[in-house]
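As given, the protein sequences belong to chains U and D, one line each in that order.
Position 294 of the first sequence, counted from 1, bears residue number 293 in numbering that gives the first Met the number 0, the numbering being contiguous throughout.
Position 189 of the second sequence, counted from 1, bears residue number 188 in numbering that gives the first Met the number 0, the numbering being contiguous throughout.
Number of protein chains: 2
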Amino acid sequence: MIAKSVRIGFIGLGLMGKPMAQNLMKRGYNLTVYNRSSSSIQELTSLGAAAALSPREVAEGSDVVIDMVTDAPDVEQVLLGPRGVIEAARDGLTVIDMSTNSPRIATKIAGALAEKKVKFLDAPVSGGDKGARDGTLAIMVGGEKSVFDSCLPVFQSMGKSIFYMGESGAGQATKLCNQVVVAIHTLATSESLLLGSTFGLNLDELLKVLGSGAAGSWNLSNLGPKIIQRDFEPGFKAAHLYKDLKSIMHMAEEENVMLPGVATVYELFNGVLADKKGEKGTQVLATFLEKLASREIK
Amino acid sequence: MIAKSVRIGFIGLGLMGKPMAQNLMKRGYNLTVYNRSSSSIQELTSLGAAAALSPREVAEGSDVVIDMVTDAPDVEQVLLGPRGVIEAARDGLTVIDMSTNSPRIATKIAGALAEKKVKFLDAPVSGGDKGARDGTLAIMVGGEKSVFDSCLPVFQSMGKSIFYMGESGAGQATKLCNQVVVAIHTLATSESLLLGSTFGLNLDELLKVLGSGAAGSWNLSNLGPKIIQRDFEPGFKAAHLYKDLKSIMHMAEEENVMLPGVATVYELFNGVLADKKGEKGTQVLATFLEKLASREIK
Chain U
0 MIAKSVRIGF IGLGLMGKPM AQNLMKRGYN LTVYNRSSSS IQELTSLGAA
50 AALSPREVAE GSDVVIDMVT DAPDVEQVLL GPRGVIEAAR DGLTVIDMST
100 NSPRIATKIA GALAEKKVKF LDAPVSGGDK GARDGTLAIM VGGEKSVFDS
150 CLPVFQSMGK SIFYMGESGA GQATKLCNQV VVAIHTLATS ESLLLGSTFG
200 LNLDELLKVL GSGAAGSWNL SNLGPKIIQR DFEPGFKAAH LYKDLKSIMH
250 MAEEENVMLP GVATVYELFN GVLADKKGEK GTQVLATFLE KLASREIK
Chain D
0 MIAKSVRIGF IGLGLMGKPM AQNLMKRGYN LTVYNRSSSS IQELTSLGAA
50 AALSPREVAE GSDVVIDMVT DAPDVEQVLL GPRGVIEAAR DGLTVIDMST
100 NSPRIATKIA GALAEKKVKF LDAPVSGGDK GARDGTLAIM VGGEKSVFDS
150 CLPVFQSMGK SIFYMGESGA GQATKLCNQV VVAIHTLATS ESLLLGSTFG
200 LNLDELLKVL GSGAAGSWNL SNLGPKIIQR DFEPGFKAAH LYKDLKSIMH
250 MAEEENVMLP GVATVYELFN GVLADKKGEK GTQVLATFLE KLASREIK
């Protein structure tokens, strides 16, 4: 059990990281933070966090270091690169990567840190920026069970549903399975609205019907209305889902697992990015289908 | 408002039709039934229903005729064909087609019956055999609003969520949009479990995680466990979903609406039927993905 006196370092204060760090502070944890751009840092220091000048410096002043960055190369850089967390490696330090990347990266990082006696958990999240703000994230964790147990209060400060999934990489593996569903559901929601619009149906009513039975989903209830209202602000960015789909495709290729649904939605998000809409929310996929059909959802 | 003294005719006593007819009887309606094979008829007559020898005879003894048959040709045959309902056409008769087919068929039937002063509603359902047994179906209705209003008590005897969607065909249009989601969700559930199995994850735990967040769906919660338990008994048959996907593909072709997700899952169910698994439940799609990947979900 980690006491609140534990010092937490937080690297990556983006759309997800900033509210997660804030929730830790609300629960009484002392934070040292680091971010590439400085604006978010000032916001956190004004609330009482200490600012560090590098990931290494974060680790020097912390017992547990959490990173929440965008991409696998970023994770490797802040943890294993120059001025990275590994340069402050010591027995007793725990590192938690809450970014989404591949199980293979998680296993590689766990190995590199274990050589320096640093504990490591891969703990990606689901629930978007709303879940991050509300402290209701689902967190899926891989690594040693005893390390998971000791970090549970930290996870509970940021999320509602905390799952121990198995050894290193199991958290990331679970997250990729989650993203398979999230991506394909976004396609289902979009195609259904496009077809409904073609039929001239009242789309608000259509969503109500679909949500009441065997077609119901989180995606339909949460992204469906946004598509109808032409609200493409990101809860989760299209570019980030595309990155996750890329990880899944690579795994599927290596293992020779044919995933025709993932392949289809992967190509469509490739089109979304070509359309310069990667910074929009994943529901922007609907606009790419509109483009393919030369027809609007309305 | 239709009084319980209204005489209801019911044509088609299959997996869905039989429990729907039974629920009408439980609510006190007098039923005259017809089915191609006789075993289900005996079951209903033993409960007090009258048996008819043709759809025409059903209509002669009824104020409201409901049909719940498999395919568009069956619907046209029992309603418009020789010895069909139309041969008993008269002012005051109402026909409700609760089968799933295309909006175009609904409009065609509505027109043919209107010439004979017969009212028509298209009212396909969602919720599977379980919903039919429990009387909790979602029912999506197209046709004249006043006819819908007068039939509401009949619908409420079979379903929980009753939706008026607009003019003739709107019920079928809504159902096809529902099937877009149902089919693509089945692919999402199947691919996610296949990938999770490849990663060696505990699949029961995986479903729990996925169901708790942005990946949650009726499909995942209801069909996911069946796939893991190798239970491929039909709640809704793969062959029937394939038929619906075919209707959707035809509509999409005519309207030039590209639906890449539907197209993918349509082809996969084509494979399921080639694999002689059309009589299994839709979740049997997972076994076709296993075949493609030469790998089991376990």
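Backbone N, C-alpha and C define an ideal beta-carbon position, used for all residues, glycine too.
Owing to the predicted nature of the structure, the values given are computational and were not obtained by experimental measurement.
Query, Result
"Cβ pair H184 (chain U), S220 (chain U) closer than 8 Å", "no"
"Touch test, the stretch 234-250 of chain U against the stretch 178-197 of chain U, Cβ-Cβ under 8 Å, three pairs minimum", "yes"
"Per-residue burial, R55 (chain D) [other beta carbons within 10 Å of its own, 16 or more giving buried]", "buried"
"For G141 (chain U), the residue or residues it bridges with in DSSP", "U:D121, U:G165"
"Coil, strand or helix - T135 (chain U) by DSSP", "coil"
"Residues from the stretch 89-117 of chain U in contact with chain D, defined by Cβ distance under 8 Å", "P102"
"Residues, ordered as in the chain, of the stretch 225-257 of chain U that lie near chain D by beta-carbon distance below 9 Å", "G234, F235, I247, M250, A251, E254, N255, V256, M257"
"Sufficient close CB pairs (3 or more, under 8 Å) joining the stretch 135-145 of chain D to the stretch 194-213 of chain D", "no"
"Amino acids of chain U, ordered along the chain, whose beta-carbon sits closer than 8 Å to that of G127 (chain D)", "A213"
"Where A292 (chain U) falls, given that 16 or more other Cβ within 10 Å makes a residue buried", "buried"
"Cβ-based contacts, 9 Å cut-off: residues of the stretch 176-188 of chain U near chain D", "C176, N177, Q178, V179, V180, V181, A182, I183, H184, L186, A187, T188"
"is_contact[S167 (chain D), chain U] using C-beta, thresh 8 Å", "no"
"Near-chain A residues of the stretch 42-68 of chain U - C-beta to any C-beta below 7 Å", "Absent from the structure is chain A; the protein chains it does hold are U and D."
"Exposed unless 16 or more other CB atoms sit within 10 angstroms - verdict on G27 (chain U)", "exposed"
"Among U:I85, U:S38, U:E75, U:K17, nearest to V57 (chain U) - alpha-carbon criterion", "U:I85"
"Where G91 (chain D) sits in the DSSP three-state scheme", "coil"
"Rounded separation between T69 (chain U) and P123 (chain U) - CA only", "11 Å"
"For M7 (chain U), the residue or residues it bridges with in DSSP", "Just to set this straight, residue 7 (chain U) is Ile in the shown sequence, not Met. Answer is U:L30, U:V63, bridged to I7 (chain U)."
"C-alpha distance - L79 (chain D) paired with E59 (chain D), whole-angstrom precision", "14 Å"
"Closest by C-alpha distance to D133 (chain D), when choosing among D:E266, D:E289, D:E278, D:Q21", "D:Q21"
"Three-state secondary structure assigned by DSSP to K297 (chain D)", "coil"
"Other residues of its chain near L14 (chain U): CB distance less than 6 Å, five sequence neighbours each side excluded", "D128"
"Q282 (chain U) in three-state terms, based on DSSP", "helix"
"Cβ contact check for the stretch 98-108 of chain U and the stretch 42-49 of chain U: 3 or more pairs under 8 Å", "no"
"Residue(s) in a DSSP beta bridge with A49 (chain U)", "U:T31"
"Where the alpha helix (DSSP H) through I40 (chain D) begins and ends", "38-44"
"Candidates D:K245, D:A109, D:M250, D:F287: closest to L258 (chain U) by CA position", "D:F287"
"Below-8 Å beta-carbon distance, E204 (chain U) vs any chain D residue", "yes"
"Chain-order list of residues whose beta-carbon lies under 6 Å from that of V264 (chain D) (same chain, five-residue window excluded)", "A182, I183, L186"
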